[in-house]
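Comments concern the structure below.
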Amino acid sequence: MNFNLPKIYPITDTRIAKLSHAEQVERLIEGGVEIIQLREKYASPKDFYEFAKEALKLAERHKVKIIINDRVDIALALNADGVHLGQDDLPPERARKILGEKAIIGFSTHNLEQAVRAVRLPIDYLAIGPVFATRTKENPENIVGIEGVEIVRQAVGDFPLVAIGGVTLENFREVLQAGADSVAVVSNLLSEADKIVVKMKQFLELLTRCEK
Ligand code: TZP
Ligand code: MG
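Start counting the sequence shown at 1409; every next residue gets the next number (our numbering).
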C-alpha cells in the first residue's frame, strides 16, 4: 500500500464543470482536497497530456496527489502520482511494471466477481460502482446500490475500496458507512463551477462531523 486513501476523491470533468482541468484542480485545492483524478474522455492524448501537465504543476505546489484516468503513458510522461484503470484499459500488472512500485494504481470494478478478482492484482485500491444512478458516465454498468458496497466490503476484507456513481453531499456518509473507505465524486461537486470551493469544504466539514 503506497498511501492513505483520502475519504473524498474528486474526479475532474470539463463538460460538467465547464472549466479546464487546471481550473477545477485550483478550486478543489482551495477547498482542501488531498487527491484528484483527472478524467478526460474526449480530448486527444496530446491535449490531455498538456491539460494534465498544467494541473499537475498546481497540484505539486500544494502536495495534492494527481491520478490520471486511463492513460499509463501520460502518467509516466508527467511523473503523476498514479493511474486509474478500467476493465478495458492496460492490465494493472503491466501498468505496475511500467510505473514502478511507488505509483498509485486504482482499478474499476462493477460487480462482486470483478471486485474479488481485483484484490489479487498489484493495485492500491479498487473502485466499485456505479453505486447510484449517474449521468456522468456514458453507458454506465448496472447500479450496485448501497447493498452492493456492503457485499463487496465483506468479500474484499480490508482492501482499500472507493465507491463511485451518484455520490452527493447528502448520501456520501451512508456510502462510507456501508464500507467504502472513500467516495469518488464528479457531478455533485463540479456541476456549478462557482460552488466547487464551498462544496469541497462542505464534504470535508460533514466528514469531520461524522468522525467525531
Ligand atoms: N464510473 C462509475 S460511475 C462514474 C464513473 C466514472 C461517474 C461518476 O460520476 P458522478 O457524477 O459522481 O455520478
Ligand atoms: Mg478507463
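Idealized CB from N, CA, C, for every residue including glycine. Quick caveat: nothing in here was measured; it's all calculated off a predicted structure.
Closest to Ser1595 by CA distance: which of Leu1569, Phe1567, Asp1421, Glu1458 is it?
-> If you number the sequence shown from 1, residue 1595 lands on position 187. With distances taken between Cα atoms, Ser1595 lies closest to Asp1421.
Beta carbon of Gly1494: closer than 6 angstroms to some heavy atom of ligand 2?
-> Here the question's residue 1494 lines up with position 86 in the sequence shown. Gly1494: yes, Cβ under 6 angstroms from ligand 2.
Distance CB(Ala1523)-CB(Leu1534) smaller than 7 angstroms | What you label residue 1523 is simply residue 115 of the sequence shown in a count that begins at 1. What you label residue 1534 is simply residue 126 of the sequence shown in a count that begins at 1. In this structure, Leu1534 lies closer than 7 angstroms to Ala1523 by Cβ.
Roughly how many angstroms lie between the CA atoms of Leu1530 and His1518, to the nearest whole one?
-> Reading the sequence shown from its first residue, position 122 is the one you call residue 1530. Reading the sequence shown from its first residue, position 110 is the one you call residue 1518. First, the residue type needs correcting, since residue 1530 is Pro and not Leu in the sequence shown. Near 18 angstroms, if we compare the C-alpha coordinates of His1518 and Pro1530.
Are the stretch 1568 to 1575 and the stretch 1609 to 1620 in contact at 8 angstroms, needing three or more beta carbon pairs?
-> no
Run the CB neighbour count on Arg1447, radius 10 Å, all protein chains shown included, and call it buried at 16 or more, exposed below.
-> As a first step, residue 1447 must be located in the sequence shown, where it is residue number 39. With 16 or more Cβ atoms within 10 Å of its Cβ, Arg1447 is classed as buried.
Closer than 6 angstroms: is that where the CB of Asp1478 sits relative to any heavy atom of ligand 2?
-> Within the sequence shown, numbered from 1, the residue matching residue 1478 stands at position 70. Asp1478: yes, Cβ under 6 angstroms from ligand 2.
N- and C-terminal bounds of the alpha helix (DSSP H) containing Pro1453 = Here residue 1453 refers to the residue found at position 45 when the sequence shown is read from its first residue. Start and end: 1453 to 1469.
Who are the near neighbours of Asp1478 in its chain, counting only those whose CB is closer than 6 angstroms to its CB and skipping five residues on each side?
-> Within the sequence shown, the letter at position 70 stands for residue 1478. Closer than 6 angstroms at Cβ, skipping near neighbours: Asp1497.
Would Lys1465 be called buried (16 or more neighbouring beta carbons within 10 Å of its own) or exposed?
-> Counting from 1 along the sequence shown, the entry for residue 1465 is found at position 57. By the 10 Å Cβ count, Lys1465 comes out exposed.
Would you be able to state if there are at least three C-beta pairs under 8 angstroms between the stretch 1585 to 1593 and the stretch 1422 to 1434?
-> no
What's the C-alpha gap between Thr1616 and Arg1581?
-> Taking the first residue of the sequence shown as 1, we reach residue 1616 at position 208. Taking the first residue of the sequence shown as 1, we reach residue 1581 at position 173. When rounded, the distance between both Cα atoms is 11 angstroms.
Just reading off the beta strand (DSSP E) that Gln1610 is part of, what are its end residues?
-> In the sequence shown, the residue the question calls residue 1610 occupies position 202. For Gln1610, there is no enclosing beta strand (DSSP E); the residue is found in the alpha helix (DSSP H) stretching over 1604 to 1619.
So who's on the other strand from Gly1514, going by DSSP bridges?
-> One-based indexing of the sequence shown puts residue 1514 at position 106. In the DSSP output, where bridge partners are listed per residue, Gly1514 has His1492, Tyr1533.
Could you check what DSSP says for Ile1416 in three-state terms: helix, strand or coil?
-> Indexing the sequence shown from 1 puts residue 1416 at position 8. Ile1416 falls in the strand class under three-state DSSP.
Nearest CA to the CA of Gly1556: which residue from Val1527, Ala1586, Leu1577, Glu1549?
-> Locating residue 1556 in the sequence shown gives position 148, counting from the first residue. Nearest of Val1527, Ala1586, Leu1577, Glu1549 to Gly1556, Cα basis: Ala1586.
For Cys1618, the nearest candidate out of Ile1604, Ala1601, Gly1537, Val1583 (CA to CA) = Indexing the sequence shown from 1 puts residue 1618 at position 210. Selected option, being the one with the closest Cα: Val1583.
Pull up the distance between the alpha-carbon of Pro1453 and that of Glu1558, whole angstroms please.
-> Along the sequence shown, one-based indexing puts residue 1453 at 45. Along the sequence shown, one-based indexing puts residue 1558 at 150. Whole-angstrom Cα-Cα distance: 37 angstroms.
Does the separation of the CB atoms of Ala1460 and Ile1443 fall below 7 angstroms?
-> Position 52 of the sequence shown, counting from 1, holds the residue named residue 1460. Position 35 of the sequence shown, counting from 1, holds the residue named residue 1443. No, they are not a contact pair.
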